[in-house]
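Protein chains: 2
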Amino acid sequence: MTASILVIEDEEPIQMLLRYNLEAEGHRVRVSADGEDTMMLIGDERPDLILLDWMLSGISGIEVCRLVRARAETRDIPIIMLTARSEEAERVRGLATGADDYLIKPFSVPELLARIKSILRRLNPDAVAEELKAGDLLLNRATKRVMRANRDVNLSPTEFRLLEHLMRNQGRVYSRSQLLDTVWGRDAEVDERTVDVHVGRLRKMLNRGKDIDPIRTVRTGGYAFNERFGS
Amino acid sequence: MTASILVIEDEEPIQMLLRYNLEAEGHRVRVSADGEDTMMLIGDERPDLILLDWMLSGISGIEVCRLVRARAETRDIPIIMLTARSEEAERVRGLATGADDYLIKPFSVPELLARIKSILRRLNPDAVAEELKAGDLLLNRATKRVMRANRDVNLSPTEFRLLEHLMRNQGRVYSRSQLLDTVWGRDAEVDERTVDVHVGRLRKMLNRGKDIDPIRTVRTGGYAFNERFGS
DNA sequence: TTATATCGTCATAAAACTGTGATCTTGCCG
DNA sequence: CGGCAAGATCACAGTTTTATGACGATATAA
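If you read the sequences in order, they're chains A and B. Add 21 to a position in the first sequence, counting from 1, and you land on the number used in my numbering. Add 21 to a position in the second sequence, counting from 1, and you land on the number used in my numbering.
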């Protein structure tokens, strides 16, 4: 299970702790220190889950929560809040504001990982679903097979990961640099044009002949899986 | 009789008790502590039977039961629930939700083993079947023999276990490290490349000459038994 | 003990995949 | 319509991954 997680936390040691453990678990982590950048980071790339420290120096946790919940595109991102023991009362308010779960500091890391797993499973089934479907396209993670209209589609590893990522986030547009981050890996030093080539190869394999193209090019924007594909 | 059994139980002493006795009986045991990992473990390798403690800390037993019954691939895995004497009412609900049998804690181990045997025989004859079949391939667990198109195939112990594991989970792709875990054992300190060599040997024995290869290589992914083999 | 089988590792060959630059095509602006 | 910028496509060389054969070590059977 691999997810994109946004950590909003101003204490650096805890930032490190979280980043280290979440990355070890295979998640992708971005950290925002003061809640100010938060909305920008979210707009930049929609995270699958937000870990939110309740006591921030600048903007308050409750405020972040409200902002996230206010926008339609981010409304259903699950939020786990981290609170100090003394903030018991706050916690209740937090849940009322829309957090999905909470942990009391100091928290146990395995406990945190378990909660994350559970929440992702519950709210973001695509993240763990064995099969991703769209129209006549079917991607199976367990067998690593892709079929289009009951015909086998043989993809290379990179093409498979690329398609998986796009199908998991249907409709969302990803810039070339975002795709390099998620599909190739944070430290990939690869030219952005390479993404074009792989999208091209993926398309060729997917659309043998005259089928409708499920991948949408957004000029200057990037690529997306066409959410209207198959309807 | 050898089956893959998933134990969902949060009390460690009972975990140990179950693991020890079931493994002594020849079964392969995996333990999930809190019910959270359960669905993932099931996806990882379909168990032949689930032993489910009714009182779990996180997700409730009834919930696990429902989840298992909700998915088509897992719907017919038999479930035995473990309840405390006082949970009479729960028991009824459990059976209503789809458990196949129950035991009251504290239970006698021979009794448990007997129930397991009986249930597996009754509900899942395939799981304990002496034979695994696919196309012209036939693997007999009792005699440890493998035949291909009525021809004897002489496999080494490791090759046999490898083939058994892959055939039991047809279609699913296993990474080299997963295969080392399940086929070689959790603590095997063996190079991942060794898996290649054994797959190669297995293939050579299986495909004498020009037969179709039942094992599928998935680049960067691992190996799988080709679920289309024989059709 | 000797003979036989199995196992893990290494070296090398073969195959598949990847990134890049050149070139062609398309869309968009005035 | 012309010109430019962005995207699509192609061929190719380098790299990564897998397949295979050989060997010594260890275990098993006779």
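Note that the Cβ used here is the ideal one computed from N, Cα and C, for glycine as well.
According to DSSP, is residue i part of a helix, a strand, or is it coil?
i: A150(A); result: coil
i: D173(A); result: strand
i: D122(B); result: strand
i: A91(B); result: helix
i: N42(B); result: helix
i: M168(B); result: strand
i: M102(A); result: strand
i: S81(B); result: coil
i: G243(A); result: strand
i: L197(A); result: Sequence inspection shows Arg at residue 197(A); the Leu mentioned does not correspond to that position. Residue state, collapsed to three classes: helix.
i: A135(B); result: helix
i: D74(A); result: strand
i: T203(B); result: helix
i: V211(A); result: coil
i: T179(B); result: helix
i: T238(A); result: strand
i: I29(B); result: strand
i: R222(B); result: helix
i: R189(A); result: helix
i: R249(B); result: coil
i: R51(B); result: strand
Measuring only the C-alpha atoms, how far is residue i from residue j?
i: V130(A); j: R136(A); result: 10 Å
i: G206(B); j: S139(B); result: 28 Å
i: Q199(A); j: L38(B); result: 49 Å
i: G146(A); j: A170(A); result: According to the sequence provided, residue 146(A) is Pro. The question's Gly does not apply to it. When rounded, the distance between both Cα atoms is 24 Å.
i: D157(B); j: E151(B); result: 16 Å
i: V211(B); j: V218(B); result: 12 Å
i: Q191(A); j: K126(A); result: 36 Å
i: R96(B); j: S53(A); result: 43 Å
i: V50(B); j: E33(B); result: 14 Å
i: V216(A); j: N228(B); result: 40 Å
i: A45(B); j: M188(A); result: 45 Å
i: R92(B); j: I98(B); result: 11 Å
i: I26(B); j: D122(A); result: 32 Å
i: R172(B); j: M226(B); result: 11 Å
i: P178(A); j: T164(A); result: 13 Å
i: Y41(B); j: L72(B); result: 14 Å
i: R90(B); j: N247(B); result: 26 Å
i: R67(A); j: L43(B); result: 46 Å
i: I63(B); j: E94(B); result: 10 Å
i: L214(B); j: R197(B); result: In the sequence as presented, Leu is not what sits at residue 214(B); that position holds Arg. Their backbone Cα atoms lie some 8 Å apart in a straight line.
i: I83(A); j: L144(A); result: 21 Å
i: D31(B); j: L201(B); result: 27 Å
i: T241(A); j: A120(A); result: 35 Å
i: R153(A); j: S252(B); result: Correcting the residue type first, residue 153(A) is Leu in the shown sequence and not Arg. About 25 Å.
i: M168(B); j: A245(B); result: 19 Å
i: R61(B); j: S81(A); result: For clarity, residue 61(B) is Met in the given sequence; the question names Arg instead. Distance between the alpha carbons of M61(B) and S81(A) is about 36 Å.
i: P235(B); j: M76(B); result: 43 Å
i: E132(A); j: D65(B); result: 22 Å
i: R182(B); j: D55(A); result: 54 Å
i: R224(B); j: R162(A); result: 24 Å
i: H186(A); j: H186(B); result: 30 Å
For residue i, is the beta carbon positioned less than 7 Å from some heavy atom of the ligand HEM?
i: A135(B); result: Of ligands this structure carries none, so the ligand HEM is not represented either.
Label residue i either buried or exposed according to how many other C-beta atoms from any shown protein chain fall within 10 Å of its C-beta, with 16 as the threshold for buried.
i: T59(A); result: buried
i: I233(A); result: exposed
i: V239(A); result: exposed
i: N175(A); result: exposed
i: T203(B); result: buried
i: A209(B); result: exposed
i: E254(A); result: Not covered by the structure: residue 254(A). The range shown for chain A is 22 to 252.
i: G221(A); result: exposed
i: G47(B); result: exposed
i: R237(B); result: buried
i: R166(A); result: buried
So residue i and residue j are supposed to be a Cβ contact under 8 Å. How far apart are they, rounded?
i: L160(A); j: L184(A); result: 6 Å
i: V194(A); j: G230(A); result: Not confirmed; about 26 Å, so no contact.
i: D254(B); j: A24(B); result: Limits of chain B in this structure are 22 at one end and 252 at the other, which puts residue 254(B) out of reach.
i: S155(A); j: F250(A); result: Reading off the sequence, residue 155(A) comes out as Ala, not Ser. At roughly 6 Å, the Cβ-Cβ gap stays under 8 Å, so A155(A) and F250(A) are in contact.
i: I29(A); j: V85(A); result: 6 Å
i: L124(A); j: I101(A); result: 7 Å
i: L88(B); j: F128(B); result: About 24 Å separates the two Cβ atoms, so there is no contact after all.
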